[in-house]
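Protein chains in written order, with the working numbering: chain A, 903 to 1227; chain B, 17 to 361. Every residue, glycine too, gets a C-beta built ideally from N, C-alpha and C.
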């Protein structure tokens, strides 16, 4: 080691003119890129708003969504008064009531809670199965062939008909064992989870296949890390971004699928509101009360739209090749 | 290419067998009882006989084997007989009588062969779904081309937004939405699809078009959203290629460069996407058929499910599976045929 004082004078151009900034974390970069995408920002904000609204909305609007108030049935939403002065409206029922006098705003909040709960739970299950299959197929060469053949087989199953079959046929025993609401919840979450993990598995497998040939995995292996350690410490953190992107897609599909099942009449029991169920129940009388179709439909569409925009923004933000351009 | 096609077709046989086994076991595991609708006054021993008459008393593998035989041996014989006797295409062939009155797959609801029910429902589904798919593609491709050619223009941004909406709004909402706007408020189109309507002259053709517009638009929105995205991405990939610069440099007009050179190359992945999408649109048609009361194969499946009519459910689901496997093969083979860089062998 040479003494710094005795070293030759520094070259002028190499001297730092300002103090070096602390290194930026990866997530800071991701956030900076994410901020640029206005649609994604709005989508994320709206999703947060909806989630908070359905979680804590009943504290603000504490009307029981199942309470029948037959005297105040078929109240129109308050905004109907703008163009129809004779409409039956009431400030106590800002979004009107249904044909049994149940408050519509409270029902939308309760329905949203059910739809979002199913969506999040099914998405988490989908990601767990998809990641597990993808990691196993990508990491263990012996499992790759069988698991991927199996994925291809499941991909060629007709999903919607099979879901209908499964939900209709397994409704009775699950309801008997877990009660009507919990039983349906478990059934729908499982059915969606079991039928939509394939894309995630394929994406994860592809990324793992590429990652496990990289030097850092070799280094980890050389230093005696177990397969478990390599997967959890080195591989999984590196495939988080594609998983997050497909998680947003999974959330959107899960919400739509739950609503579709409810719409077709194989969803939750009749007194348990979900957005799809409210929409389906309102269709026969939509000539007189179009808002009962519109409001839940708009809620589903806006939620899914915001999730899709969020996914779009995440995809850009998490891709280091796009980031910083 | 031919060997590849044959290999895929041969490999599809075990795939389909596996799928049919999955569907069969799912239906068998399920606790639904086809005798549930029988009145309680019917004595148990009669019920037991009815159960046996439906073939329910036998072990699983016998039931599955019988279904396989009926589906792949008896039904083709009936089909060949029909081809040679009454079809317009092959009616000139000598009449065959392969079908000797063996038991076909019988629906528990109507006691008629399942295939007859499906053949009755198929034209409705095919008219609506087929038209919707073609309309969707015809709208999507120009949108995709123009969005890519003028990337980040107002048109492109608007197109992206519309496709996002097309992805996000489920068909069971767009259906009622269109009904509220066009049937209830404006009164332009009927909101129930009349399956008994026959097209004989111009006015009846207009009625048919009118009743088809709304279901077709609902289905086409989904197709358009998906395919215009792919078309845009594929065009963008190709527009940056060197051969495009070469074509421009040798003085070809912009129209020729885009519409001939780039478009032809961009269509390769899009065509495979189109082929892959055909089965999924049948699945989406289930909801649309329920919304507009189209008496097609999807609403038949729903009705059969609610009535616990397992043979019909099994057969319809299997037909969907067959379509998926078939179009997967078609997509892969088309990709190889269209793109000389792809070699499977």
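- Residue 1128 of chain A sits in coil when the DSSP states are folded into three classes, being neither helix nor strand.
- Here the alpha carbons of residue 239 of chain B and residue 131 of chain B stand approximately 29 Å from one another.
- The residues 123, 130 and 320, in chain order, have a CB closer than 6 Å to that of residue 328 of chain B in the same chain once the five nearest residues on each side in sequence are set aside.
- Taken in chain order, the unbroken stretches of alpha helix (DSSP H) that lie wholly in the segment 220-292 of chain B and span 4 residues or more are 258-265.
- Taking a Cβ-Cβ threshold of 8 Å, the residues of chain B close to residue 1055 of chain A are 31, 34 and 35, in chain order.
- For residue 1009 of chain A, the nearest beta carbon of chain B is not closer than 8 Å to its own beta carbon.
- Between residue 942 of chain A and residue 1153 of chain A, the C-beta gap is not smaller than 8 Å, which leaves the two residues out of contact.
- Residue 1175 of chain A and residue 330 of chain B have their C-alpha atoms roughly 31 Å apart.
- Residue ranges of uninterrupted alpha helix (DSSP H) with 4 or more members, entirely inside the segment 990-1042 of chain A and ordered along the chain, are 1006-1041.
- The DSSP-derived three-state label of residue 913 of chain A is coil.
- Linking residue 1061 of chain A to residue 1091 of chain A through their CA atoms gives a straight-line distance of about 14 Å.
- The C-beta of residue 280 of chain B has fewer than 16 other C-beta atoms within 10 Å across all chains shown, which makes the residue exposed.
- Residues of chain A whose Cβ lies closer than 9 Å to the Cβ of residue 265 of chain B do not exist; the shortest such Cβ separation is about 28 Å.
- Looking from the CA of residue 1019 of chain A, the closest CA among A:1168, A:956 and A:1076 belongs to A:956.
- Distance check between residue 45 of chain B and each of A:1039, A:944 and A:1068 places A:1068 closest, using alpha-carbon atoms only.
- Residue 1110 of chain A is classed as buried because its beta carbon has at least 16 other beta carbons within 10 Å across all chains shown.
- The three-state secondary structure of residue 122 of chain B, taken from DSSP, is strand.
- Under DSSP, no beta-bridge partner is assigned to residue 92 of chain B.
- One thing to note: residue 332 of chain B has its Cβ within 8 Å of the Cβ of residue 313 of chain B.
- Taking the Cα positions, residue 36 of chain B is about 17 Å away from residue 92 of chain B.
- For residue 43 of chain B, a Cβ of chain A is located within less than 8 Å of the residue's own Cβ.
- Using a Cβ-Cβ cut-off of 8 Å, residue 981 of chain A does not count as an interface residue toward chain B, since no Cβ of chain B sits closer than that to its own.
- The DSSP-derived three-state label of residue 129 of chain B is strand.
- At a C-beta separation below 7 Å, residue 1163 of chain A has no neighbours in chain B, since its nearest C-beta there lies roughly 10 Å away.
- Just measuring C-alpha positions, the residue of A:1014, A:999, A:995 and A:918 sitting nearest residue 953 of chain A is A:1014.
- Chain A places no beta carbon closer than 8 Å to that of residue 352 of chain B, leaving this residue out of the contacts.
- Close CB contacts of residue 1151 of chain A within its chain, under the 7 Å cut and outside five residues either way in sequence, are with 1213 (chain order).
- For the C-beta of residue 1210 of chain A, the chain B residues within less than 8 Å are, from N- to C-terminus, 180, 183 and 184.
- For residue 1096 of chain A, the enclosing alpha helix (DSSP H) begins and ends at 1082-1097.
- Look at residue 231 of chain B: its C-beta is not under 8 Å from any C-beta on chain A.
- Annotation: residue 1025 of chain A has no Cβ neighbours in chain B at a cutoff of 7 Å; minimum Cβ distance is about 16 Å.
- For residue 349 of chain B, the closest Cβ of chain A is not nearer than 8 Å.
- For the 8 Å CB-CB criterion, residue 184 of chain B and residue 1181 of chain A do not form a contact.
- Residue B:43 holds the alpha-carbon nearest to the alpha-carbon of residue 80 of chain B among B:43, B:223 and B:66.
- Straight-line measurement puts the Cα of residue 1011 of chain A at about 9 Å from the Cα of residue 958 of chain A.
- Its Cα nearest to that of residue 39 of chain B, the residue A:1063 stands out among A:1063, A:1200 and A:982.
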